[in-house]
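Engineer: Dumping the structure here so I can ask a few things about it.
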Amino acid sequence: MKVREHWGSRLGFVLAAVGSAVGLGNIWKFPFITGMYGGAAFVLFYLISILLIGLPVMLIEFSIGRKTQLNPVGAFQKLAPSSPYFLIGAMGVLCGFIILSYYSVVAGWTLTYMYKAVAFGFKDFSSPEIAGEAFTAYSSSPIWPVLSHAVFMFLCIFVVSKGVKVGIERWNRILMPTLFVIILLLIVRGLTLEGADAGLKFLFVPDFSKLTANAMLVAMGHAFFTLSLGMGAMLTYGSYLSEKEDLVKSSLWIIVADTGVALLAGIAIFTAVFAMGFEPAGGPGLVFHVLPAIFSMMPGGNIMGFLFFALLSIAALTSGMSLLEVVTAYFIDQKGWSRRKASIAFGFLIFLVGVPSALSFGALKEIIIFKMNLFDFFDYLSFKYMLPLGGFFMVLFTIFRWKPKSLLEELKRGGPGLKISVGLATVLLLISAVFVGVTFVAGVLGVG
Ligand code: PHE
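Per the working numbering, the very first residue in the sequence shown carries number 5; after that it's consecutive.
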């Protein structure tokens, strides 16, 4: 039996978990869905989702991981032998596979734009239309998106193959502080532009009429996605923890950092968008059409543009490694593979699975599933269905099989000061289960 790797320090673990949580979801998705679903009203619901379900699920994942010292499949098998609960873990490993396959495509785009910023600056992107055409030409090419997707997967494999402490922890220690510095620079630039307040209004003035059941489902799905919950990424990171860690405290730090970065990114982006007189658009449109045009006009735009795409690339890389780690850990623990072999083999396989997504804006754009191209389909499937379902079953597992008492025992091992009774813990878990269940069903049925 090999000795399990562990984090080198508490800070290293927290930074790695924050690195997993802070990703494209925070910088690319959150600002956009916030604007679309009612600004502050949406933020409010999102915060409720984070507290009612994000926190409990995160605590469950860390506790199960630390208790079992295993990957998601092995963990559920150990706690509930000869039962179908291991399927929660299996769905998680599959989900890691699916998410990374398309996540890496967007991450590849951001790497390309970072390179473009250094090599050419943004002078050729003088309007969103021109920038948009350039982006369409790039993203629909049969070569470049695949190549940049390959580069991103290579980076993930490089880090993960080195191990938990020397690979994942070490790189997060370097990259996460860099990310914080960059975001602060961008915020200062955004807020000092004239007309920045319109962007703040867009983000923070509530419009409750837009808060439909679907918006709530999006907020909830996003709570899972942004905190890397529901598929065992945090469970896997928790499995490299020792007993001393105070899980409640660490989880709160992770949640605050993740939400903070999302809000700060929203401020940095929308102050600039409104100050330069543009319309907020969504997803790829915002980041690859509107922002390059803004960088072409803004004083200091080339540097800001480079910093912005570096920010996105770093955020994506530290999340990508956690996704690959879930799959890698499964093959190390369950199949006895070496870390090197598992990370290279499955990194490569994920690359192959992602190629159709990389081509889904060009050569394969005719392939439509449920009215979506392949890329959107994988995104939708994982973030709207698989993660909330995974989280839901984790909560049910804890209530009915593992028992809230065992969860509390595990939490108290690192934080003896935790004062919460088994009864209260059960009620809180039931509330979060009902909350996930009802929102999920309402969203699927299209109520509201
Ligand atoms: N949390 C990451 C983001 O916000 C995405 C992610 C999801 C990473 C699930 C790991 C697991 O972009």
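For each residue, glycine too, the CB sits at the ideal point set by N, CA and C.
Predicted model, so just to flag it, every value in this text is computed and none were measured.
If you draw a straight line from the C-alpha of Leu378 to the C-alpha of Tyr107, how long is it?
Structural biologist: So the two alpha carbons sit approximately 12 Å from each other.
Engineer: Of all the options Gly421, Thr402, Phe439, Phe444, which has the alpha carbon lying nearest to the alpha carbon of Thr430?
Structural biologist: Selected option, being the one with the closest Cα: Thr402.
Engineer: By how many angstroms is the C-alpha of Phe374 removed from the C-alpha of Ile258?
Structural biologist: Near 35 Å, if we compare the C-alpha coordinates of Phe374 and Ile258.
Engineer: Should Ala272 go down as buried or exposed, given a rule of 16 or more other Cβ atoms within 10 Å for buried?
Structural biologist: Ala272 should be labelled buried.
Engineer: What residue range does the alpha helix (DSSP H) around Arg457 cover?
Structural biologist: Since the first and last residues shown for the chain are 5 and 452, residue 457 lies out of range.
Engineer: When you compare the CB positions of Thr332 and Val164, do they come within less than 8 Å of one another, or not?
Structural biologist: Cβ atoms of Thr332 and Val164: closer than 8 Å.
Engineer: On the DSSP bridge assignment, give the partners of Phe306 in chain order.
Structural biologist: Sequence check: residue 306 is Asn here, not Phe. In DSSP, Asn306 forms no bridge with anything.
Engineer: Identify every residue that forms a DSSP beta bridge with Asn377.
Structural biologist: BP columns for Asn377 point to Ile372.
Engineer: Spatial neighbours of Gly358 within its chain, please: CB distance less than 8 Å, with the 5 preceding and 5 following residues excluded, ordered by chain position.
Structural biologist: Here the set comprises Leu104, Ser105, Tyr106, Ser108, Val109, His153, Met157.
Engineer: Name all residues in chain order for which at least one heavy atom of the ligand PHE lies closer than 6 Å to the residue's CB.
Structural biologist: Qualifying residues come out as Ser24, Ala25, Gly27, Leu28, Gly29, Asn30, Ile103, Phe229, Thr230, Ser232, Met235, Ala237, Ser323, Ser326, Leu327.
Engineer: Just to confirm, is the Cβ distance from Val2 to Gly395 under 8 Å?
Structural biologist: This structure leaves residue 2 out entirely; the chain is present only between 5 and 452.
Engineer: Locate the alpha helix (DSSP H) running through Met280, then write down its first and last residues.
Structural biologist: Met280 -> no alpha helix (DSSP H), and no H or E assigned at all.
Engineer: What residue does the alpha helix (DSSP H) around Ala94 start on, and which one ends it?
Structural biologist: Where Ala94 is concerned, the enclosing alpha helix (DSSP H) stretches over 90-124.
Engineer: CA-CA distance, Ser130 and Leu295?
Structural biologist: For Ser130 and Leu295, the distance between alpha carbons rounds to 10 Å.
Engineer: Return the Cβ separation of Val47 and Ala261 in integer angstroms, given the expectation that the two are a contact with Cβ distance under 8 Å.
Structural biologist: So it is not a contact: roughly 17 Å between Cβ atoms.
Engineer: When burial is assigned at 16 or more other CB atoms within 10 Å of the CB, is Pro234 buried or exposed?
Structural biologist: It should be pointed out that residue 234 corresponds to Gly in this sequence rather than to Pro. Buried is the call here.
Engineer: Could you tell me the alpha carbon to alpha carbon distance between Leu400 and Phe212, rounded to whole angstroms?
Structural biologist: So the alpha carbons of these two residues sit roughly 31 Å apart.
Engineer: Give me the Cα-Cα distance between Val209 and Leu188, rounded to the nearest whole angstrom.
Structural biologist: Val209 and Leu188: Cα-Cα distance of roughly 23 Å.
Engineer: Just checking my contact of Ala123 with Phe313 at CB under 8 Å: how many whole Å lie between their CB atoms?
Structural biologist: With 8 Å as the limit, Ala123 and Phe313 do not qualify as a contact, their Cβ atoms being about 12 Å apart.
Engineer: What are the boundary residues of the alpha helix (DSSP H) that includes Arg193?
Structural biologist: Element bounds for Arg193: 174-195.
Engineer: Is the separation between the beta-carbon of Ile186 and that of Leu51 shorter than 8 Å?
Structural biologist: No, these two residues do not count as a Cβ contact at 8 Å.
Engineer: Between Leu115, Lys369, Pro420, which has its C-alpha nearest Lys248's C-alpha?
Structural biologist: Among Leu115, Lys369, Pro420, the Cα nearest to that of Lys248 is on Pro420.
Engineer: So, with DSSP's three-state summary, where would you put Phe206?
Structural biologist: Looking at Phe206 - three-state DSSP - the assignment turns out to be helix.
Engineer: Within its chain, find whatever has a CB closer than 7 Å to the CB of Leu159; leave out the 5 residues flanking it on each side and keep chain order.
Structural biologist: Leu321.
Engineer: Around the Cβ of Thr196, are there at least 16 other Cβ atoms within 10 angstroms (buried) or fewer (exposed)?
Structural biologist: Its Cβ having fewer than 16 others within 10 Å, Thr196 is exposed.
Engineer: Starting from the Cα of Gly3, find the closest Cα among Leu19, Ala223, Met180, Tyr241 and give me that residue.
Structural biologist: In the structure as shown, the chain starts at 5 and stops at 452, and residue 3 therefore has no counterpart that could be examined.
Engineer: Look at Thr230 and Val330 and say whether their C-beta atoms are less than 8 Å apart.
Structural biologist: No. Outside cutoff.
Engineer: Report buried or exposed for Phe17, applying the criterion of at least 16 other Cβ atoms within 10 angstroms of its Cβ.
Structural biologist: Phe17 should be labelled buried.
Engineer: List the whole-angstrom C-beta distance separating Val77 from Gly93, where the pair is believed to meet the contact cut-off of C-beta under 8 Å.
Structural biologist: Indeed they touch by this definition, with Cβ atoms about 4 Å apart.
Engineer: For Ala135, which residues of its own chain have a beta-carbon under 6 Å away from its beta-carbon, when the five flanking residues on both sides are left out?
Structural biologist: These residues qualify, in order along the chain: Phe129, His293, Pro296, Ala297.
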